[in-house]
Amino acid sequence: MTLLNWVAVLVVILTIAALIKRYETRLVLFTAGLILCCVSMQPMTAFNAFAKSMTNGGLIMAICASLGFAYVSSYTKCDQHLVHLLSKPIRGLGIFLVPICTAVTMVINIAIPSASGCAAAVGSTLIPVMLRAGIRPAAAAAAVMMGTYGGVFSPGSAHNVYIAKISNMEIMDFIALHTPFSFVICGIGIVGILVMCLIFKDKGEATENIQVNIEHKQEEIERPNVIYALVPLLPIVILVLGNSVLPQIKMGVAQAMVLGAILCLLITRANPQEFSKTFFNGLGKGYGNILGIIIAAGVFAAGLRAAGLIDTFIEVLRESNNIARWGGSIGPWFLGTITGSGDAATFAFNEAVTPHAESFGMDIPHLGALAFLSGALGRTSSPIAGAMMVVAGIAMANPVEVAKRTIVPCFVSVVTLAIIIV
């Protein structure tokens with residue numbers, strides 16, 4: 390390795406340290422990439438990478454439209470109708486409420502792709518149900534937290550969109566590729582969270598005397614409207630049908646989300662002006678919060694490339710793809726766990742390493758999926774993740790106690806994933 394390579398390694402270590410300290414993710418990645426480009430005497434490389442990522446049409450359309458639809462689903466309370474509709478039949482199942490609530494959350498997280506948004510919508514309803522059944526607060530929060538892994542199936546997930554693009558695949562085709570592996574992980578999570586609750590003896594006597602954080606409590610919907618409840622699922626249904634039995638209605642993710650938003654407006658008869666403002670606010674949030682990380686990760690990867698570290702790493706990977714297998718799984722999981730977000734590590738890995746997968750005997754879709762799914766498991770394991778703070782806040786539980794119940798199933802899932810996916 391050259392001196393420049395070692396400088397790049399030092400910058401990577403400092404970048405990881407800054408992410409662990411929870412400095413602003415986009416700032417950290419952009420700054421690290423810019424420094425690497427400057428020490429490599431190629432400062433314009435950073436700015437060119439920034440400009441190129443800003444105008445990435447396929448990513449912008451799918452991600453921003455998905456966030457716009459998520460915002461109007463929340464504005465019209467259709468997401469809450471879906472949560473209440475699915476939660477009504479499961480009351481009174483005792484300890485089995487825990488895995489059932491995890492499974493329900495996974496389904497809802499497909500329609501509400503934000504982990505924190507899903508945790509708030511589902512947790513405010515299902516956590517009190519579990520507490521009344523005698524489930525301890527930490528276990529109730531862990532059941533919902535484990536369910537936020539279900540977002541990996543969402544066509545609106547930025548990672549699904551990004552990996553599909555670098556793999557030259559349709560988004561729904563990429564989701565279909567990783568679905569069997571994701572189902573295995575969901576099964577491990579559902580069974581694992583039940584086992585952990587049994588180990589911690591989290592089932593007590595049923596009681597009506599419960600405590601929840603009323604700041605997180607959402608408006609109770611006594612009679613969920615079935616039609617309203619189906620609205621958040623409309624784009625997913627359109628995409629699945631269009632890619633399977635009804636090719637006549639096949640369309641892109643952005644088109645499905647906009648069509649879903651129009652149907653949402655017609656069905657709920659919401660105020661069109663406020664509805665429009667909410668939709669476009671969601672578009673802006675999608676660009677700033679999600680594409681912002683992708684742009685910054687692109688600059689970071691450009692810096693690594695300019696410093697020659699990626700080429701050196703690829704040469705090492707050519708010797709053994711086991712390094713890529715475990716680096717692409719344990720790495721994003723570990724960083725996701727200690728930083729509270731799997732996004733930074735996953736985007737950086739998939740930007741810098743995954744496009745070269747074929748040069749060391751792997752393929753782009755599977756390596757990209759490995760990093761993506763592992764990063765999601767890392768966020769689910771983390772006591773400092775945003776969604777963890779939400780569910781722990783609702784249940785009035787210690788986030789560390791909640792994480793104790795999710796981290797073991799997540800780690801088992803990561804190891805399993807690394808073995809079966811490549």
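Okay, so the sequence shown: first residue is 390 according to the working numbering, each after it adds one.
Cβ coordinates follow ideal geometry from the N, Cα and C atoms, glycine included.
At which residues does the alpha helix (DSSP H) containing Gln662 begin and terminate?
-> Against the sequence shown, residue 662 aligns to sequence position 273. Per DSSP, the continuous alpha helix (DSSP H) segment holding Gln662 begins and ends at Pro661 to Lys674.
Presumed contact (8 Å Cβ cut-off) between Thr414 and Ser730, rounded CB distance | Taking the sequence shown and counting its residues from 1, the one referred to as residue 414 is at position 25. Taking the sequence shown and counting its residues from 1, the one referred to as residue 730 is at position 341. Sure, about 7 Å apart at Cβ, within 8 Å.
Helix, strand or coil for Arg625, going by three-state DSSP, please let me know.
-> For the purposes of this step, residue 625 is taken as the residue at position 236 of the sequence shown. In the sequence on display, residue 625 carries Ile and not Arg. Three-state DSSP puts Ile625 in a helix.
Would you tell me roughly how many angstroms separate the C-alpha atoms of Phe439 and Tyr617, rounded to the nearest one?
-> Reading the sequence shown from its first residue, position 50 is the one you call residue 439. Reading the sequence shown from its first residue, position 228 is the one you call residue 617. C-alpha separation (whole angstroms): 40 Å.
Inspect the beta-carbon positions of Ala454 and Val620 and report whether they are closer than 8 Å.
-> Along the sequence shown, read from residue 1 onward, the residue named residue 454 stands at position 65. Along the sequence shown, read from residue 1 onward, the residue named residue 620 stands at position 231. With contacts defined as CB atoms closer than 8 Å, Ala454 and Val620 fail to qualify as a contacting pair.
Buried/exposed call for Asn739, threshold 16 Cβ in 10 Å | On the sequence shown, residue 739 is found 350 positions in, with the first residue counted as 1. Per the 10 Å Cβ criterion, buried.
If we count the other Cβ atoms within 10 Å of its Cβ and call it buried at 16 or more, is Asn557 buried or exposed?
-> In the sequence shown, the residue the question calls residue 557 occupies position 168. In the assembly as shown, Asn557 is an exposed residue. Its beta-carbon has fewer than 16 other beta-carbons within 10 Å.
Report the three-state DSSP secondary structure of Lys815 (helix, strand or coil).
-> Outside the modelled stretch of the chain, which goes from 390 to 811, sits residue 815, for which no answer is possible.
Counterpart residues of Ile524 in DSSP-defined beta bridges | As a first step, residue 524 must be located in the sequence shown, where it is residue number 135. Ile524 is bridged to Lys592.
8 Å Cβ cutoff met for Ala508 and Glu790 = As a first step, residue 508 is located in the sequence shown; it is residue number 119 there, counting from the start. As a first step, residue 790 is located in the sequence shown; it is residue number 401 there, counting from the start. Result no, Cβ atoms of Ala508 and Glu790 do not sit closer than 8 Å.
Would you call the stretch 546-561 and the stretch 509-520 touching, i.e. three or more CB-CB distances under 8 Å?
-> In short, these stretches do not touch, since the Cβ pair count stays below three.
Exposed unless 16 or more other CB atoms sit within 10 angstroms - verdict on Thr434 = Position 45 of the sequence shown holds residue 434. Buried, because 16 or more other Cβ atoms sit within 10 Å of the Cβ of Thr434.
So, is Val487 buried or exposed, given that buried needs 16 or more other C-beta atoms within 10 angstroms?
-> The sequence position of residue 487 within the sequence shown is 98, counting from 1. Classification for Val487: buried.
Write down the C-beta distance between Leu766 and Ser802 rounded to the nearest angstrom, noting that I regard them as a contact closer than 8 Å.
-> Your numbering for residue 766 matches position 377 in the sequence shown. Your numbering for residue 802 matches position 413 in the sequence shown. Correct: roughly 5 Å between the Cβ atoms.
Pick helix, strand or coil for Tyr460, following the three-state DSSP scheme.
-> Within the sequence shown, numbered from 1, the residue matching residue 460 stands at position 71. Here Tyr460 sits in helix by DSSP.
Name the residue from Leu635, Pro544 and Cys490 whose alpha carbon lies nearest to the alpha carbon of Gly578.
-> Looking up residue 578 in the sequence shown gives position 189. Nearest C-alpha to Gly578: Cys490.
Under 8 Å by Cβ, that's how I've got Arg525 and Gly581 pegged, so tell me the actual separation to the nearest angstrom.
-> The residue given as residue 525 occupies position 136 in the sequence shown. The residue given as residue 581 occupies position 192 in the sequence shown. The beta-carbon distance between Arg525 and Gly581, rounded to whole angstroms, is 17 Å. This is too long to meet the 8 Å contact definition.
So, Met534 versus Met778, is the Cβ gap smaller than 8 Å?
-> One-based indexing of the sequence shown puts residue 534 at position 145. One-based indexing of the sequence shown puts residue 778 at position 389. Not a contact, by the Cβ cut-off of 8 Å.
DSSP-derived helix/strand/coil call for Tyr551 = What you label residue 551 is simply residue 162 of the sequence shown in a count that begins at 1. For Tyr551, the three-state secondary structure derived from DSSP is helix.
Helix, strand or coil at Asn557 according to DSSP, with G and I counted as helix | Here residue 557 refers to the residue found at position 168 when the sequence shown is read from its first residue. Coil at Asn557, not helix or strand.
Should Tyr460 and Phe668 be called a contact, given that it needs their Cβ atoms to be closer than 8 Å?
-> Looking up residue 460 in the sequence shown gives position 71. Looking up residue 668 in the sequence shown gives position 279. Result yes, Cβ atoms of Tyr460 and Phe668 sit closer than 8 Å.
Going straight from the alpha carbon of Ile661 to that of Lys639, what length do you get?
-> For this step, residue 661 is matched to residue 272 along the sequence shown. For this step, residue 639 is matched to residue 250 along the sequence shown. Correcting the residue type first, residue 661 is Pro in the shown sequence and not Ile. Their Cα atoms are separated by approximately 27 Å.
Could you tell me the boundaries of the alpha helix (DSSP H) in which Tyr412 lies?
-> Position 23 of the sequence shown, counting from 1, holds the residue named residue 412. Note, Tyr412: premise wrong, no alpha helix (DSSP H); not H, not E.
DSSP on Ser503, reduced to helix/strand/coil?
-> Here residue 503 refers to the residue found at position 114 when the sequence shown is read from its first residue. Of the three classes helix, strand and coil, the one that applies to Ser503 here is coil, per DSSP.
What are the boundary residues of the alpha helix (DSSP H) that includes Met778?
-> As a working mapping, residue 778 is identified with position 389 in the sequence shown. Where Met778 is concerned, the enclosing alpha helix (DSSP H) stretches over Gly775 to Ala784.
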